[in-house]
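Here's the structure we're looking at; comments come further down.
Set out below in structure tokens:
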């Protein structure tokens, strides 16, 4: 349906609402106001002449606000906001709030729509002010909706502490103080605070935030990865290994992010044979390609590239991927002291294919990229971007 056709349907609804609103007031106020009639006719003329913008402005000015027409106003404002015409949406909602007939409940609904207009236009300070007032005064479920929009604003502004505070006030279910999906989001907010603390070497604050993250979500692989980074910075490599080993059980898909730190810790203690045993154990439990590749790389140092290539070939025959074939070819070329030109060209082609292949993908919307985003840039889902193994 085209925008003009959609506006035509909506404006017909406005016209109907106008008619019944005026009809109901006729007995109370006598004859209909001549000026309003003129505005109404002007609006229809604009519509018939395919000038929907002018028609919208005319109807906004002429249509009375009654319980029967309020939803029409809100629908029109919502449609304008979706089209990106936020200024017109703001005008509609401000016009509604200026009417004395609105009862408190409807006034709060209009204020929420106005806050959404402000968010869409980037006026986050105004939106925050409106939403905080509504979150304190509105009743459920409108209050919860306002709180969720506040969390969205604080997320975009990276005001993690404020976002956590709002989540803590969300109504939970019978045996939980905070709804499940928001506890998972809250854990990410604590991880954001921990990452900021790590960046400025405030390890006490980082540990405090990570404890809070794990209290919110015991399955937070991100919290375990950050804890391992903290322990490595403090020289506590055994504690880091304990944290990293939790990742496989919390979220196996995030294991590739743990492997470099695991190797760092085992190398620090001169325990690479134990690392090989642990990686083999992970493979036996169903770990993916990244573990097989890392195990093959360790085998090169102890058993040579030929044995490593043979091991990896057996794995790839059952789990073929571009990255796996590329690594296998690299091992084959390493095993041959003077690999032929064709082998080297094939390796280069696979290298290029591997570079073009995204390293990470969002399981929610399909967004793909070459770096890890804990918050998907596309669909704004936390923890949905995973390594492509």
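Numbering (our numbering), first residue to last: 48 to 436. For every residue, glycine included, the Cβ atom is placed at its ideal position computed from N, Cα and C.
For residue i, the three-state DSSP class (helix, strand or coil)
{"i": "residue 317", "result": "coil"}
{"i": "residue 272", "result": "helix"}
{"i": "residue 429", "result": "strand"}
{"i": "residue 79", "result": "Because the pLDDT at residue 79 is just 48, under 50, the model does not fix this residue reliably, and the point stays unresolved."}
{"i": "residue 434", "result": "strand"}
{"i": "residue 407", "result": "strand"}
{"i": "residue 416", "result": "strand"}
{"i": "residue 422", "result": "strand"}
{"i": "residue 356", "result": "helix"}
{"i": "residue 154", "result": "helix"}
Beta carbon of residue i nearer than 8 Å to that of residue j
{"i": "residue 159", "j": "residue 192", "result": "yes"}
{"i": "residue 268", "j": "residue 294", "result": "yes"}
{"i": "residue 375", "j": "residue 356", "result": "yes"}
{"i": "residue 277", "j": "residue 250", "result": "yes"}
{"i": "residue 273", "j": "residue 241", "result": "yes"}
{"i": "residue 140", "j": "residue 161", "result": "yes"}
{"i": "residue 419", "j": "residue 429", "result": "no"}
Exposure of residue i, with buried meaning 16 or more beta-carbon neighbours within 10 Å
{"i": "residue 308", "result": "buried"}
{"i": "residue 413", "result": "exposed"}
{"i": "residue 417", "result": "exposed"}
{"i": "residue 207", "result": "buried"}
{"i": "residue 188", "result": "exposed"}
{"i": "residue 436", "result": "buried"}
{"i": "residue 96", "result": "Low confidence applies to residue 96: its pLDDT is 46, below 50, so where it sits in the model is not reliable enough to give any reading."}
{"i": "residue 244", "result": "buried"}
{"i": "residue 135", "result": "buried"}
{"i": "residue 194", "result": "buried"}
{"i": "residue 176", "result": "exposed"}
Supposed close pair residue i, residue j - CB separation, criterion 8 Å
{"i": "residue 300", "j": "residue 433", "result": "4 Å"}
{"i": "residue 363", "j": "residue 404", "result": "About 15 Å separates the two Cβ atoms, so there is no contact after all."}
Residues of its chain near residue i, where Cβ-Cβ distance is below 6 Å and the 5 sequence neighbours each way are ignored
{"i": "residue 231", "result": "264"}
{"i": "residue 237", "result": "256, 259 and 260"}
{"i": "residue 379", "result": "356"}
{"i": "residue 303", "result": "337 and 434"}
{"i": "residue 381", "result": "352"}
{"i": "residue 166", "result": "174"}
{"i": "residue 229", "result": "214 and 217"}
Close-in-space but distant-in-sequence residues of the same chain around residue i (CB under 7 Å, 5 per side omitted)
{"i": "residue 168", "result": "133"}
{"i": "residue 210", "result": "198, 201, 202 and 236"}
{"i": "residue 425", "result": "409, 412 and 414"}
Contact set for residue i: own chain, Cβ-Cβ below 8 Å, skip 5 residues either direction
{"i": "residue 163", "result": "128, 174 and 196"}
{"i": "residue 266", "result": "297 and 298"}
{"i": "residue 340", "result": "359, 370, 371 and 374"}
{"i": "residue 280", "result": "245, 248 and 250"}
Any non-hydrogen atom of the ligand GDP closer than 7 Å to residue i Cβ
{"i": "residue 433", "result": "Only the bare structure without any ligand can be found here, which leaves the ligand GDP out of the picture."}
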